[in-house]
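Visitor:
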Amino acid sequence: MSETQYLAAKTIDEAVTAHSKANGSARFLAGGTDLLVQIKSGIKKPKLVIDIKKIVELNTIKEVSDNEFVVGASVSGANLNRNNKFTKLWPGVIEAFRLIGSEQIQGRASLGGNLCNGSPAGDSVPALIAAGCIAIIAGPDGKKEIPIENFHKGPGKTVLENGEMLVSLKFPKREINSSDAYLRMTPRTEMDIAVVGCGVNITLENNVCTAARVSLGAVAPTPLLIKDASDIMIGTDLNSDILDKVANLCIKACNPINDKRGTIDYRTKVAGVLLKRSVLIAIDRIKGN
Amino acid sequence: MSKIQVSTNINNESVEYLCEPHDTMLNVLRNQLDLTGSKESCGSGDCGSCSIILDGELVCSCLMLAAEAEGSKLETIEGMSEGGKLHALQQKFLEKAALQCGICTPGFLMASKALLDHNPTPTETEVRFWLAGNLCRCTGYDKIVKAVLEVADDMKESA
Ligand SMILES: Cc1cc2nc3c(=O)[nH]c(=O)nc-3n(C[C@H](O)[C@H](O)[C@H](O)COP(=O)(O)OP(=O)(O)OC[C@H]3O[C@@H](n4cnc5c(N)ncnc54)[C@H](O)[C@@H]3O)c2cc1C
Ligand code: FES
Ligand code: FES
Chain A
1 MSETQYLAAK TIDEAVTAHS KANGSARFLA GGTDLLVQIK SGIKKPKLVI DIKKIVELNT
61 IKEVSDNEFV VGASVSGANL NRNNKFTKLW PGVIEAFRLI GSEQIQGRAS LGGNLCNGSP
121 AGDSVPALIA AGCIAIIAGP DGKKEIPIEN FHKGPGKTVL ENGEMLVSLK FPKREINSSD
181 AYLRMTPRTE MDIAVVGCGV NITLENNVCT AARVSLGAVA PTPLLIKDAS DIMIGTDLNS
241 DILDKVANLC IKACNPINDK RGTIDYRTKV AGVLLKRSVL IAIDRIKGN
Chain B
290 MSKIQVSTNI NNESVEYLCE PHDTMLNVLR NQLDLTGSKE SCGSGDCGSC SIILDGELVC
350 SCLMLAAEAE GSKLETIEGM SEGGKLHALQ QKFLEKAALQ CGICTPGFLM ASKALLDHNP
410 TPTETEVRFW LAGNLCRCTG YDKIVKAVLE VADDMKESA
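So the sequence lines, in the order shown, correspond to chains A and B.
So in the numbering used here, spot 263 of the first sequence is number 263, and the numbers just go up one at a time.
Residues are numbered in the numbering used here as their position in the second sequence, beginning at 1, plus a constant of 289.
(1) Where do the ends of the beta strand (DSSP E) carrying A/ALA26 lie?
(2) Can you give me, in chain order, the residues of the stretch 329-350 of chain B that have a beta carbon less than 8 Å from any beta carbon in chain A?
(3) Can you list, in chain order, the stretches of the alpha helix (DSSP H) that have 4 or more residues and sit fully within the stretch 217-256 of chain A?
(4) Of the residues B/HIS407, B/VAL437, B/LYS432 and B/THR365, which one's Cα is nearest the Cα of B/THR297?
(5) Quick one: measure Cβ to Cβ for B/SER340 and A/GLN104, integer angstroms, because I've assumed they're closer than 8 Å.
(6) What whole-angstrom Cβ distance do B/VAL304 and B/LEU322 have, given they're in contact under 8 Å?
(7) With a threshold of 7 Å, establish whether the CB of A/SER74 neighbours any heavy atom of ligand 2.
(8) Applying the 10 Å Cβ sphere with the 16-neighbour rule, what's the burial state of A/ASN201?
(9) Should B/CYS452 be listed as close to ligand 2, given that the test is whether its C-beta is under 7 Å from any heavy atom?
(10) Below 7 Å between beta carbons is the criterion; list the residues of the stretch 405-437 of chain B that meet it against any residue of chain A, in chain order.
(11) Put A/MET1 into one of helix, strand or coil per three-state DSSP.
(12) Once you ignore the five residues that flank B/SER338 on each side, which residues in its own chain have a CB closer than 8 Å to its CB?
(13) Tell me the DSSP bridge mates of A/GLU63?
(14) Which runs of the alpha helix (DSSP H) spanning at least 4 residues fall entirely within the stretch 119-180 of chain A, listed in chain order?
(15) Which same chain residues, not among the five before or five after B/PRO411, have their C-beta less than 8 Å away from its C-beta?
(16) Closer than 8 Å between beta carbons: that is the criterion. Which residues of the stretch 359-392 of chain B meet it against chain A?
(17) If you compare alpha carbons, which of A/ASP123, A/SER178, A/ILE137 and A/PRO256 is closest to A/ARG184?
(18) Nearest to A/SER179 by alpha carbon, out of A/GLY118, A/SER278 and A/SER41?
(19) Report yes if the C-beta distance between A/ILE134 and A/GLU164 is below 8 Å; otherwise report no.
(20) Taking A/ASN114 as the reference, give the member of A/LYS157, A/ILE251 and A/GLN5 with the closest Cα.
(21) Starting from A/GLU57, follow the beta strand (DSSP E) in both directions and report where the run begins and ends.
(22) How would the residue list near ligand 3 read, in chain order, if you kept each one whose beta-carbon is closer than 5 Å to any heavy atom?
(23) What span of residues does the beta strand (DSSP E) with B/ILE299 cover, start to end?
(24) Would the C-beta of B/GLU357 count as close to ligand 2, meaning under 7 Å from any of its heavy atoms?
(25) Does the Cβ-Cβ distance between A/LEU128 and A/ILE148 come in under 8 Å?
(26) Can you check whether the CB of B/MET353 is closer than 8 Å to the CB of B/THR313?
(27) At the level of alpha carbons, what is the spacing between B/GLN294 and B/HIS407?
(28) Which residues, taken in chain order from the stretch 90-105 of chain A, show a beta carbon closer than 9 Å to some beta carbon of chain B?
(29) Tell me the DSSP secondary structure of B/LEU456 in three-state form.
(30) Mapping the DSSP letters down to three states, classify A/ARG188 as helix, strand or coil.
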């Protein structure tokens, strides 16, 4: 990478302009835990690396109104984990984010990097989709907003066009009696890539489910929002018959790869199991158990 | 290709250096600043032997560009002892034989220091999780974990 240049952008405009001028040969640098590994191994050879961590908005956690958070794209896992209110409102997002790497990796890795890297197995992504999170994107033509479930286009591919940068992640205002959970299955317990990741986010009123979102990672070319599975949960008490049905819809939505980490049969079956377990965890969290 | 000039603070001293845009922090520490305590073992964020503390956060210096250190505050293993007196963690690692070949040791010490800075009273589970990003091929970890827990205990008693 001898021809690489480095720019520490101070504003969103500066970053976006530099990226768009480079015509596809620039890369944004957040924590670098994906990008620097890819550069070192020669998989990526950007001519310009634009460091975005010094842009205030990208590195800020903001509670814009009571229980409503906007998290900057480059905020690290260690930093977000120190925000007691956020971790209380979104335990599923935090547990997904905190699964990424060791403490050293957590000191740098960001939600934005996990999302923009475009891996179908990025651990935070199903949790963000389940949360109903919105990506705020800045580009040469101004800002736009995209729900996370529409952010990925395929392995390594996202909706971001030349010059476009993820600025922050907007979480919906947290309703009371709601919680979320994320579980992943890996062949090893740590430092491994998910063969299935499952995020759920539910609201219960008097034991009846009034809102639900289910998302799966690593079982298709992109992380998925399982809309029909989410919908049949609403209006029910989430008893085991309903959860069997939801699990079956999850299994149907899977279109995984077959590899040494997990066969198609295995990944598909595990998706159903993780769904049930994560719903039970979210219910426990709502009930304060 | 023009070099980048960086002003930073390492172990409470102002430091300036010139680096290539692609130089890692680890590379500059070891090969330019003669701070060879941080080790490069994997170079890919997996082993923790290059651990340093960057603005209070534990990071792998092999996965950081030297240019990123502009205006930051870095702590490396070289700054751990004070005036020739070993840090309590260093002393305890020696007493408990929590090292053998020593390649992983600077990384373990920096990670343990960052842990106690953030959480002075960790449980054994917390210590094991926190140190999961540091690999040792010699000791089997038990002695390291015990050394960290004993230092935390000593700190509690003297507090
Ligand atoms: C040892 C190790 C263990 C890991 N374990 C896991 C794991 O368990 N689960 C997991 O999911 N991942 C894991 N990862 C991968 C990685 O740590 C995560 O994907 C992390 O969230 C990436 O964040 P980052 O800030 O470091 O991204 P970077 O490396 O800085 O960026 C990643 C990509 O996104 C682009 N990008 C970053 N921010 C933006 C933005 N704001 N706008 C537009 N583009 C942007 C970059 O150009 C780059 O292409 C691991 C990595 C390592 C080294
Ligand atoms: S050398 Fe940096 S983590 Fe192994
Ligand atoms: S003492 Fe040899 S690798 Fe840890």
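Where is the CB? At the ideal position from N, CA and C, for every residue including glycine.
Guide: On the basis of the supplied data:
(1) The residue you call residue 26 of chain A lines up with position 26 of the first sequence. Here the beta strand (DSSP E) through A/ALA26 covers 26-29.
(2) GLY332, SER333, GLY334, ASP335, GLY337, SER340, LEU343, GLU346, LEU347, VAL348 and CYS349
(3) 227-233 and 240-253
(4) Locating residue 297 of chain B in the second sequence gives position 8, where the first residue counts as 1. If you compare the alpha carbons of B/HIS407, B/VAL437, B/LYS432 and B/THR365 with that of B/THR297, the shortest gap goes to B/THR365.
(5) Translated into the one-based positions of the second sequence, residue 340 of chain B becomes position 51. Translated into the one-based positions of the first sequence, residue 104 of chain A becomes position 104. Between A/GLN104 and B/SER340 the Cβ distance is about 6 Å, and since that is below 8 Å, they are a contact.
(6) Taking the first residue of the second sequence as position 1, residue 304 of chain B is located at position 15. Taking the first residue of the second sequence as position 1, residue 322 of chain B is located at position 33. So it is a contact: roughly 7 Å between Cβ atoms.
(7) Numbered from its first residue, the first sequence carries residue 74 of chain A at position 74. Not so, every heavy atom of ligand 2 lies at least 7 Å from the Cβ.
(8) To locate residue 201 of chain A, count along the first sequence from 1; it is residue 201. Per the 10 Å Cβ criterion, buried.
(9) There is simply no residue 452 of chain B to check, as chain B begins at 290 and stops at 448 in what is shown.
(10) TRP419, ALA421 and GLY422
(11) As a first step, residue 1 of chain A is located in the first sequence; it is residue number 1 there, counting from the start. Because A/MET1 sits at a pLDDT of 44, beneath the cut-off of 50, its placement in the model cannot be relied upon, and the point is left open.
(12) Position 49 of the second sequence, counting from 1, holds the residue named residue 338 of chain B. The residues are SER327, LYS328, GLU329, SER330, CYS331, ILE392, CYS393, PRO395, GLY396, ASN423 and LEU424.
(13) In the first sequence, residue 63 of chain A corresponds to position 63, counting from 1. Its beta-bridge partners are A/PHE69.
(14) 124-131
(15) As a first step, residue 411 of chain B is located in the second sequence; it is residue number 122 there, counting from the start. Excluding residues within five positions, the ones whose Cβ falls inside 8 Å are LEU404, LEU405, TRP419, VAL437, LEU438 and ALA441.
(16) GLU359
(17) In the first sequence, counting from the first residue as 1, residue 184 of chain A sits at position 184. The candidate whose alpha carbon is nearest that of A/ARG184 is A/ASP123.
(18) As a working mapping, residue 179 of chain A is identified with position 179 in the first sequence. Comparing Cα positions, the closest option is A/SER278.
(19) On the first sequence, position 134 is the one that residue 134 of chain A refers to. On the first sequence, position 164 is the one that residue 164 of chain A refers to. Going by C-beta atoms, A/ILE134 is not nearer than 8 Å to A/GLU164.
(20) For this step, residue 114 of chain A is matched to residue 114 along the first sequence. Put simply, of A/LYS157, A/ILE251 and A/GLN5 the residue whose alpha carbon is nearest the alpha carbon of A/ASN114 is A/LYS157.
(21) Here residue 57 of chain A refers to the residue found at position 57 of the first sequence. Taken as a continuous stretch (DSSP letters only), A/GLU57 belongs to no beta strand (DSSP E), as it is neither H nor E.
(22) B/LEU388, B/GLN389, B/CYS390, B/ILE392, B/CYS393, B/CYS425, B/ARG426 and B/CYS427
(23) As a first step, residue 299 of chain B is located in the second sequence; it is residue number 10 there, counting from the start. Counting along the chain, the beta strand (DSSP E) containing B/ILE299 begins and ends at 293-299.
(24) In the second sequence, the residue the question calls residue 357 of chain B occupies position 68. Result no, Cβ not under 7 Å from ligand 2.
(25) Along the first sequence, read from residue 1 onward, the residue named residue 128 of chain A stands at position 128. Along the first sequence, read from residue 1 onward, the residue named residue 148 of chain A stands at position 148. Yes.
(26) Counted from its first residue, the second sequence places residue 313 of chain B at position 24. Counted from its first residue, the second sequence places residue 353 of chain B at position 64. Yes.
(27) What you label residue 294 of chain B is simply residue 5 of the second sequence in a count that begins at 1. What you label residue 407 of chain B is simply residue 118 of the second sequence in a count that begins at 1. Looking at the two C-alpha atoms, the distance is approximately 32 Å.
(28) GLY101, SER102, GLU103, GLN104 and ILE105
(29) In the structure displayed, chain B extends from 290 to 448; residue 456 of chain B sits before or after that span and is not available.
(30) Within the first sequence, numbered from 1, the residue matching residue 188 of chain A stands at position 188. Correct three-state label for A/ARG188: coil.
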